[in-house]
Amino acid sequence: MAKPDIRRTNIYPLAFATLLGLFLVNLLGFIDTQTGSAFGCGRDWPLCNGKIIPEVWNTHIAIEFIHRLVVLADLLLLLFLIAATYRRYRGRKDIRILMGISFLAFAGEGFLGAISVLTDNPPSVLALHMGMSLIAFTSLYLWTATLRQIETGKYRRFDLQDAAPVKQMKRWTWGTLIYSFLVVYFGSYVTFTGAGGYFQGWPFPTEAYTQAGSALLIDLTHRFMALVLFVLILKLYLFTSRLRGQRKDLRAVSLQTLILVIFQMLSGALLIMTKLNLVAFLLHVSIATLMVGSLGLLGLKTSFFQEKERMKEYNL
Numbered sequence: 301m302a303k304p305d306i307r308r309t310n311i312y313p314l315a316f317a318t319l320l321g322l323f324l325v326n327l328l329g330f331i332d333t334q335t336g337s338a339f340g341c342g343r344d345w346p347l348c349n350g351k352i353i354p355e356v357w358n359t360h361i362a363i364e365f366i367h368r369l370v371v372l373a374d375l376l377l378l379l380f381l382i383a384a385t386y387r388r389y390r391g392r393k394d395i396r397i398l399m400g401i402s403f404l405a406f407a408g409e410g411f412l413g414a415i416s417v418l419t420d421n422p423p424s425v426l427a428l429h430m431g432m433s434l435i436a437f438t439s440l441y442l443w444t445a446t447l448r449q450i451e452t453g454k455y456r457r458f459d460l461q462d463a464a465p466v467k468q469m470k471r472w473t474w475g476t477l478i479y480s481f482l483v484v485y486f487g488s489y490v491t492f493t494g495a496g497g498y499f500q501g502w503p504f505p506t507e508a509y510t511q512a513g514s515a516l517l518i519d520l521t522h523r524f525m526a527l528v529l530f531v532l533i534l535k536l537y538l539f540t541s542r543l544r545g546q547r548k549d550l551r552a553v554s555l556q557t558l559i560l561v562i563f564q565m566l567s568g569a570l571l572i573m574t575k576l577n578l579v580a581f582l583l584h585v586s587i588a589t590l591m592v593g594s595l596g597l598l599g600l601k602t603s604f605f606q607e608k609e610r611m612k613e614y615n616l
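So the sequence shown is numbered by our numbering: it starts at 301 and just counts up by one.
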């Protein structure tokens, strides 16, 4: 068996830096919204209060301006990463797909961010903006993970006899990933409509309908969706446990995802107990981002096109 020629490059570190930058972009965007700083630069975009650099400063202007600067810096990193990756790995279908999704999602995130500034921050647009940022992060995370596999020589030969159960798991994994996006979108909508301020009690809601009104129904729906997501991820973990002898990588990632969804639920409890504290919000959003990224990695590892690329690397 001929192993691939592993050529060490600087592409993976660049991808990792871009990924960290995007994570920071998303966190700053959430801080921007939660602190009411989205209009810190007025309704101007890409200028800030009609200037490239604002002349008058306050906390809201600083948060919004820093957010825009970090977005610009990460966009430049992403463009450099696309150029470097395409030059070396343009023959790989999986990487080309991830590059395309990452760029389109990043552009879509920026477009929705501009729309939210130029309009009145409608909850539906803000939730879509959050969803687009999640797609951008997940695709870039998978892109980075793939580069790391290649450049550190982490590829291993897999057992072709496992194709049938892995194929069955692939459908479950991608279904769970899509559902997780719906859960996060609904959670974002809960946040941006202000309904979360009525949430009380954990794990069961204790707010009265006479006080919370429709927010109680939103609370029940959100918690039920989160519970279903936990069950789906638990099912994935149990499924991969049966394959641990052949695909330890799948079991490791599914365990990681299960731990993250548990912490996600606990961070939701913390959010309620702290009366929507900003730090608790950031923790909740960060864990959700990592959880969806982990699900995406599991989906990538079960995808046919990646196994095909792996076979090509080993000349199987």
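Glycine included, each C-beta is placed from N, C-alpha and C at the ideal position.
Quick one: grab the DSSP three-state call for residue i.
{"i": "lysine 351", "result": "strand"}
{"i": "leucine 616", "result": "Below a pLDDT of 50, predicted positions are generally treated as unreliable, and leucine 616, at 33, falls in that range; the measurement from the model is reported next regardless. If DSSP states are grouped into helix, strand and coil, leucine 616 belongs with coil."}
{"i": "leucine 566", "result": "helix"}
{"i": "lysine 535", "result": "helix"}
{"i": "threonine 335", "result": "coil"}
{"i": "tryptophan 299", "result": "Nothing about residue 299 can be read from this structure; the chain reaches only from 301 to 616."}
{"i": "glutamate 409", "result": "helix"}
{"i": "alanine 508", "result": "coil"}
{"i": "phenylalanine 458", "result": "A caution first: phenylalanine 458 carries a pLDDT of 41, below 50, which makes its placement in the model too unreliable to give a value."}
{"i": "proline 313", "result": "helix"}
Roughly how far, in whole angstroms, is the beta-carbon of residue i from the beta-carbon of residue j, given that I think they are within contact range, below 8 Å?
{"i": "lysine 601", "j": "leucine 550", "result": "6 Å"}
{"i": "valine 280", "j": "leucine 529", "result": "Any answer about residue 280 is impossible in this case: the structure gives the chain only from 301 up to 616."}
{"i": "leucine 598", "j": "threonine 473", "result": "5 Å"}
{"i": "leucine 560", "j": "isoleucine 518", "result": "That pair is no contact at about 24 Å."}
{"i": "threonine 557", "j": "isoleucine 533", "result": "5 Å"}
To the nearest angstrom, report how far apart residue i and residue j are at their CA atoms.
{"i": "glutamate 364", "j": "arginine 343", "result": "12 Å"}
{"i": "proline 304", "j": "phenylalanine 499", "result": "At proline 304, the pLDDT of 45 sits below 50, so the modelled position is not reliable; the number obtained from the coordinates is stated separately. So the two alpha carbons sit approximately 54 Å from each other."}
{"i": "leucine 376", "j": "cysteine 348", "result": "20 Å"}
{"i": "glutamine 468", "j": "serine 603", "result": "11 Å"}
{"i": "methionine 525", "j": "leucine 543", "result": "28 Å"}
{"i": "serine 402", "j": "tyrosine 441", "result": "9 Å"}
{"i": "leucine 496", "j": "alanine 317", "result": "Looking at the sequence shown, residue 496 is not leucine but glycine. Taking the straight line joining both Cα atoms gives about 33 Å."}
{"i": "leucine 590", "j": "isoleucine 435", "result": "12 Å"}
{"i": "glycine 596", "j": "serine 439", "result": "8 Å"}
{"i": "leucine 314", "j": "methionine 399", "result": "14 Å"}
{"i": "lysine 535", "j": "methionine 432", "result": "27 Å"}
{"i": "arginine 390", "j": "leucine 578", "result": "42 Å"}
{"i": "aspartate 420", "j": "glutamine 564", "result": "30 Å"}
{"i": "lysine 575", "j": "glycine 494", "result": "12 Å"}
{"i": "glutamine 449", "j": "proline 505", "result": "44 Å"}
{"i": "leucine 566", "j": "cysteine 341", "result": "35 Å"}
{"i": "phenylalanine 406", "j": "isoleucine 562", "result": "28 Å"}
Taking the CB atoms as reference points, tell me whether residue i and residue j lie closer together than 8 Å.
{"i": "isoleucine 366", "j": "leucine 418", "result": "no"}
{"i": "tyrosine 485", "j": "proline 423", "result": "no"}
{"i": "valine 325", "j": "valine 356", "result": "no"}
{"i": "glycine 321", "j": "alanine 383", "result": "no"}
{"i": "leucine 412", "j": "leucine 428", "result": "yes"}
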